[in-house]
Amino acid sequence: MTRINELRDGVFAVSTDNWRLNSGLVLGTRRALVVDTGAGPRQGAEILAAVRSVTPLPLVVVNTHAHHVHYMGNAVFRRAGAEEFWGHRGCAEAIRAHADYHRSYVGTHEPEMAAAEGPDTAVVPPNRHLPGTGRRPALARVDLGERSAVLFSLGRAHTDNDVCVGTDDVVFVGDLVEQGTDPQFEDSFPRGWAEALDRLADLERYRVFVPGHGRPVERGHVREQARLMRTAIERVDASEAAAAAPGGMRPVTASMFRLPYTPGSARVLLDRLERIRSEAPADAVPAALSAPQPSAD
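The end of the sequence shown is residue 297 by UniProt numbering, with every number in the run present.
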């Protein structure tokens, strides 16, 4: 089942059941922008049908990051005429490197995509990128005709290739913000993620934050997610410091249950922080991005 929620005039959240995915649709006068395309041809076709129930305009696509459910429907939109697929430079690189592995995640709902068999199962990485090397925060604008969408990166956070899409006072944030579940830390940069959430919440022009999964949220939800993440990291750091003291013991199990997440999520966070420490300076916080608040015209 697909649900279309008009958040503002010409700005829609398109929600599909599988993975509780939120895609976005932004209408201009010359073309329309679609945010995230689903996990394969089945979900991609659902999203496209919803888009076409609203507008016949030519389409531009943005992928918020390189996790399977956010880009594996791109081929459906390419067949529908989309030529511009925007994303972080690192998103395109990650898709090229890991798409075959990502297919293994979608077999239950997208068997054709998992098997790489049938129409619209090709992998289509972004072919338009935010400026720069992709290692630092960046911003780009996509003109849709009498309306622009602002694409911006706030540094490494949920992944090393997150992109947000803002228009009017609505911002589509991919999995930078989680609603109804713990943050997914597997390939994240937790310290940078907490910083990125703070910077996102500081962007005063935005009032509606549309996560990649779940319900739209307000600024307070973003700040609370940042606070909880900082609290979790501080507790891990304190536990590690205690373990390093003379006579200390590594308090992995204890620290898991002192974190503000489920034990499974806490375990993943601990493992990720440990891996980043071993690969320093991979979790260095990038230079702050000046709050992108350009006009919408």
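Built from N, CA and C at the ideal position, the CB exists for glycine as well.
**OP:** Give the straight-line distance between the Cα atoms of Val51 and Asp237, rounded to the nearest whole angstrom.
**Re:** 46 Å
Original post:
Looking at the structure shown, is Gly87 part of a helix, part of a strand, or coil, going by DSSP?
Top reply: strand
**OP:** Run the CB neighbour count on Asn74, radius 10 Å, all protein chains shown included, and call it buried at 16 or more, exposed below.
**Re:** buried
Subject >> Neighbourhood of Ala45 by C-beta, 6 Å cutoff - its chain only, sequence neighbours within 5 removed >> reply: Val76
Original post:
Starting from Phe77 and walking both ways along the alpha helix (DSSP H), at which residues does that stretch end?
Top reply: 74–79
**OP:** Using beta-carbon positions only, say whether Leu259 and Ala232 come within less than 7 Å of one another.
**Re:** yes
Original post:
By Cβ distance below 8 Å, which residues in the same chain neighbour Ala194 in space, the five residues on each side in sequence not counted?
Top reply: Ala226, Met229, Arg230, Ile233
**OP:** Would you identify the three-state DSSP class for Glu279, choosing helix, strand or coil?
**Re:** coil
Original post:
With DSSP run on the structure shown, which of helix, strand or coil describes Ala32?
Top reply: strand
**OP:** In angstroms with no decimal places, state the Cα-to-Cα distance between Pro41 and Gly24.
**Re:** 17 Å
Subject >> Cβ pair count under 8 Å reaching 3, the region 207–214 against the region 98–106 >> reply: no
Subject >> Helix, strand or coil at Val62 according to DSSP, with G and I counted as helix >> reply: strand
Subject >> Helix, strand or coil at Ala245 according to DSSP, with G and I counted as helix >> reply: coil
Original post:
Where do the ends of the beta strand (DSSP E) carrying Val150 lie?
Top reply: 148–153
Original post:
In this structure, does DSSP put Ser53 in helix, strand or coil?
Top reply: helix
Original post:
Since Ser15 sits in a beta bridge, which residues does DSSP pair it with?
Top reply: Arg3, Asn22
Original post:
Taking just the CA atoms, how far does Ala82 sit from Arg31?
Top reply: 10 Å
Subject >> Cβ neighbours of Asp297 in the same chain (closer than 8 Å, five flanking residues each side left out) >> reply: In this prediction, Asp297 scores a pLDDT of 35, lower than 50, which makes its location untrustworthy; the coordinate-derived value is nonetheless stated afterwards. Answer for Asp297: Glu146, Arg147, Ser148, listed in chain order.
Original post:
Val11: which of Asn18, Arg191, Thr29, Arg20 sits nearest, CA to CA?
Top reply: Thr29
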